[in-house]
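Below: the structure, in structure tokens.
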Amino acid sequence: MYKFKVIFSFVAVFLCNNGDTINAAELPVVAVHAVAEVTFTGPWQSARDTPARDIQLEAHFRHESGKPTVRVHGFFDGDGLGGIEGRVFKVRFCPTQSGQWTIVAVNSNAQELDGQHQGDTLMAFDSDLPGFWLADEQSAGGRWYRRSNGSHPYIIGNTHYTFLTEHGLDGQPTGSSIRADIASNAKYFKKLRFGLQGGRYPHPTDMPWLDDQGLPSDDGNFSYRPNSAWFGGRVDVAVAAALDHDLIADLILAGPDTLQSRSTLKAAHNDGDATPYLRYIAARYGSYPNVWICLCNEYDIKNPNYTQSEVAGLGVTIRKCLPYPTPVSVHDGSKLGWSAEFDLLPHWADHQIIQKKLRTIAPAADAIDHVWVGESRETARRGPTVNDELSYQGEGDKHTEADTIAAHLGAFLGGGYGTTGEKYGQKLGQYFWGAFDAQQHSAADNLRFLREVIDREITFWLLAPSESADVFPNLEPRFRVMARQGQEYVLGTDAPRSGLSAQLPEGQWTVTRYDVISQETTVLSEDADGQFDFDSPDSRAVLFHFERNTSP
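So this is what it looks like as structure tokens:
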């Protein structure tokens, strides 16, 4: 982390990759797609005050070329050192271009903050940081994400609902830490989804909200009174550590399953207005390129639940507060897929989240493609689709290691992404309290193998699900194909078969087989042409890659 005072009298914290600190005398510069933090001095706030609701602060950063101008909300941060009372307010900003950025306007309803730091500047320099995750309209069917730098990493995620508390069964510490879990997950996965609340496994003293007496509380109806000690000491730690590892921090704003943790968007103690909470989250985390936002876990099936209209309204609100195109969606718990009612409401979600726990390739692929196509629609939905509870390995859901691996290969072949977890019993396991252990979650290394093969070998963002009967005639129902016609094909199966045939288009082709279970790679041919005969082995998850290496 680069930390220093800028010569224009504001304090900036630059979140970079190497963890170093530079002194105040060194240059006030920040890397493109890093995060700069500007500290303001505002009116004193006690624990009983409600700054997230009552004090609004926004700063406008303009690039030297005249555009863009980025509006960023500010947030109260106690004394700036972990204390919940003080006069410290902060604005976080992510430069998207190199050059000079100027704070051209600072607006606040608090006189002490209004205009503070207006006219100050910072310099951004080019970097190799990959930047934000953007739904790529130019990808095949708009199914895939790209980064700001144009790259397309494939995403397989993991789940630690309440790991921020660092406590688990019987109220005991897990023995792990937020930073350790982030670092461990980053070795295997590209995304970690987690709640911002204590929920089922709370911390004994640290809590995310302050009640109307200024005391820590787990009651989400006080979400308009966020506890800066919790968010600074726990959520900030997770998000910043994930940024260092280029791991997506998928923040669940309501949930997962207890009444109090799910009430954050109801905000009953603020007359049902969750805007202060949504604005606070957008201000505190919306400038992090690695942050995604899930409004609620299983919004429609647990208490309290939310209607599609309520969710869409909340989505529109947070979109207005976010300074960048942060991925935002909601977790559907109905097992029916993404609700068609969202198609009739104002647009706010850039991707669809579904929950379908599956064990084999073909159903996992079809679940993704079904949502992309949409029910009773004249045109496809197009946006990326994520099955965020695709397969939890363990006795809790009776999913074996091979089930989890096969399901994630299926999600890929359906043109989308999947998320796993380790669940050894009902509400028990790493999927709740973290303490990641790849020996228990033994599918993790296979999923890493799959993700690395996809990233290294396959231009998947140009591929879409396809029957490709002209290339692969008479395929059985357990096979699934994605294609860039005439250029590249992937074929996946869990069915051992001999005498398979590919009628390859004109040109020479490289054919490679990846057994995701055994993590074995076999080059079947580097110069195939015309009819190519091959077999699929007895494995639960096999991926064949056909890539043309000469022009016709």
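Those letters in the sequence shown? Residues 1141 to 1692, by my numbering. The beta carbon of each residue, even a glycine, is placed where N, CA and C say it ideally should be.
Inset, instruction - Reducing DSSP to helix, strand and coil, say where Phe1684 ends up. - result: Reduced to three states, the DSSP call for Phe1684 is strand.
Inset, instruction - For Phe1612, name the three-state secondary structure that DSSP assigns. - result: Assigned with DSSP and collapsed to three states, Phe1612 falls in coil, not helix or strand.
Inset, instruction - Could you check what DSSP says for Val1377 in three-state terms: helix, strand or coil? - result: Residue state, collapsed to three classes: helix.
Legend entry - For Val1210, the residue or residues it bridges with in DSSP: Beta-bridge partners assigned by DSSP to Val1210: Phe1201.
Legend entry - Inside the region 1352-1440 only - beta strand (DSSP E) runs reaching at least 3 residues: If we require 3 residues or more, the beta strand (DSSP E) runs fully inside the region 1352-1440 come out as 1388-1392, 1431-1434.
Inset, instruction - Since I believe Arg1374 is in contact with Ile1318 (beta carbons under 8 Å), could you give me their beta-carbon distance rounded to a whole number of angstroms? - result: Correct: roughly 6 Å between the Cβ atoms.
Inset, instruction - Run the CB neighbour count on Asn1443, radius 10 Å, all protein chains shown included, and call it buried at 16 or more, exposed below. - result: So Asn1443 ends up on the exposed side.
Legend entry - Own chain residues within Cβ distance below 7 Å of Gly1214, not counting five before or after: Only Phe1180, Leu1197, Glu1198, Ala1199, Phe1229, Lys1230, Val1231, Ala1423 meet the Cβ criterion.
Inset, instruction - Whole angstroms is fine: what's the gap from Met1347's alpha carbon to Ser1363's? - result: Straight-line Cα distance between these residues: approximately 11 Å.
Inset, instruction - Indicate whether Gly1239 and Glu1204 have their beta-carbon atoms separated by less than 9 Å. - result: Against a cut-off of 9 Å, the Cβ pair of Glu1204 and Gly1239 comes out as a contact.
Legend entry - Spatial distance of Leu1418 from Cys1461 (CA atoms): About 8 Å.
Legend entry - Contacting residues, own chain, Cβ-Cβ under 6 Å from Phe1686 (five flanking each side not counted): When the five nearest sequence neighbours on each side are left out, the beta carbons in the same chain lying within less than 6 Å of the beta carbon of Phe1686 are those of Tyr1629, Trp1649, Val1651, in order along the chain.
Inset, instruction - Decide yes or no for the touch test of the region 1499-1519 against the region 1236-1251: beta carbon pairs closer than 8 Å, at least 3 of them. - result: No, the region 1499-1519 is not in contact with the region 1236-1251.
Inset, instruction - Using only alpha-carbon positions, find the residue among Pro1208, Leu1355, His1300, Trp1284 that is nearest to Asp1189. - result: Out of Pro1208, Leu1355, His1300, Trp1284, Leu1355 has the C-alpha closest to the C-alpha of Asp1189.
Legend entry - Sub-9 Å separation of Val1244 and Gly1255 beta-carbons: Pairing Val1244 with Gly1255 gives a Cβ-Cβ distance that is not under 9 Å.
Inset, instruction - Below 8 Å CB to CB, which residues in the same chain sit around Ala1382 once its five sequence neighbours on both sides are set aside? - result: Counting only residues of its own chain and dropping the five nearest sequence neighbours on each side, Ala1382 has a CB closer than 8 Å to the CB of Ile1322, Ala1326, Leu1332, Ile1388, Ala1389, Asn1430.
Inset, instruction - Within its chain, find whatever has a CB closer than 8 Å to the CB of Gly1281; leave out the 5 residues flanking it on each side and keep chain order. - result: For Gly1281, where only same-chain residues beyond five positions count, the Cβ hits under 8 Å are Trp1512, Ala1520, Arg1522, Gly1555, Ala1604.
Inset, instruction - Take Leu1274 and list the residues in its own chain whose beta-carbon comes closer than 8 Å to its own, dropping the five residues that flank it on each side. - result: Excluding sequence neighbours, Leu1274 sits near Tyr1285, Arg1286, Arg1287, Ser1288, Pro1465.
Inset, instruction - Have a look at the DSSP bridge pairing and note the partners of His1693. - result: An answer regarding residue 1693 cannot be provided, because it is not within the stretch 1141 to 1692 covered by the chain.
Inset, instruction - Kindly examine the ligand FMN and report whether one of its heavy atoms sits closer than 8 Å to the Cβ of Pro1348. - result: The ligand FMN is absent from the structure shown, which contains no ligands of any kind.
Inset, instruction - Classify Phe1272 as helix, strand or coil using the three-state DSSP reduction. - result: Assigned with DSSP and collapsed to three states, Phe1272 falls in coil, not helix or strand.
Legend entry - Cβ shell of Gly1226 (< 6 Å), same chain only, five flanking positions each side left out: Only Gly1218, Asp1219 meet the Cβ criterion.
Legend entry - For Tyr1294, three-class secondary structure by DSSP: Tyr1294: coil per DSSP, three-state reduction.
Inset, instruction - Have a look at the DSSP bridge pairing and note the partners of Glu1660. - result: Per DSSP, Asp1655.
Legend entry - Three CB pairs or more closer than 8 Å across the region 1335-1352 and the region 1390-1402: Result yes; three or more Cβ-Cβ pairs closer than 8 Å.
Inset, instruction - Identify the continuous beta strand (DSSP E) that holds Asp1675 and give its terminal residues. - result: 1671-1676 is the span of the beta strand (DSSP E), which, as asked, contains Asp1675.
Inset, instruction - Let me know if Ser1698 comes out buried or exposed under the rule of 16 or more other beta-carbons within 10 Å of its beta-carbon. - result: This structure cannot speak to residue 1698, because the chain is shown only from 1141 to 1692.
Legend entry - First and last residue of the uninterrupted alpha helix (DSSP H) at Gln1448: Boundaries of the alpha helix (DSSP H) harbouring Gln1448: 1448-1461, taken from the DSSP string.
Legend entry - Cβ-based burial, Ile1441 [other Cβ within 10 Å; buried from 16]: Exposed: under 16 other Cβ atoms inside 10 Å.
Inset, instruction - With DSSP as the reference, please indicate the residues paired to Pro1465 in a beta bridge. - result: None, per the DSSP bridge assignment.
Legend entry - Sequence-distant residues of its chain with Cβ nearer than 6 Å to Tyr1654 (five each side left out): Excluding positions up to five away in sequence, the list reads Val1593, Thr1661, Leu1683.
Legend entry - Residue of Pro1416, Gly1453, Ile1458 minimising C-alpha distance to Trp1432: Comparing alpha carbon positions, the residue from Pro1416, Gly1453, Ile1458 closest to Trp1432 is Ile1458.
Legend entry - Spatial distance of Thr1314 from Phe1612 (CA atoms): Distance between the alpha carbons of Thr1314 and Phe1612: 50 Å.
Inset, instruction - Out of Ser1638, Arg1637, Glu1607, state which residue places its alpha-carbon closest to the alpha-carbon of Gln1625. - result: It is Glu1607.
Legend entry - Selected residue, minimal CA-CA separation from Thr1345, among Tyr1557, Leu1304, Phe1216, Gln1570: Looking at the Cα atoms, Leu1304 is the closest of the given residues.
Legend entry - Where Asn1689 falls: helix, strand or coil (DSSP): In the structure shown, Asn1689 falls within a coil segment according to DSSP collapsed to helix, strand and coil.
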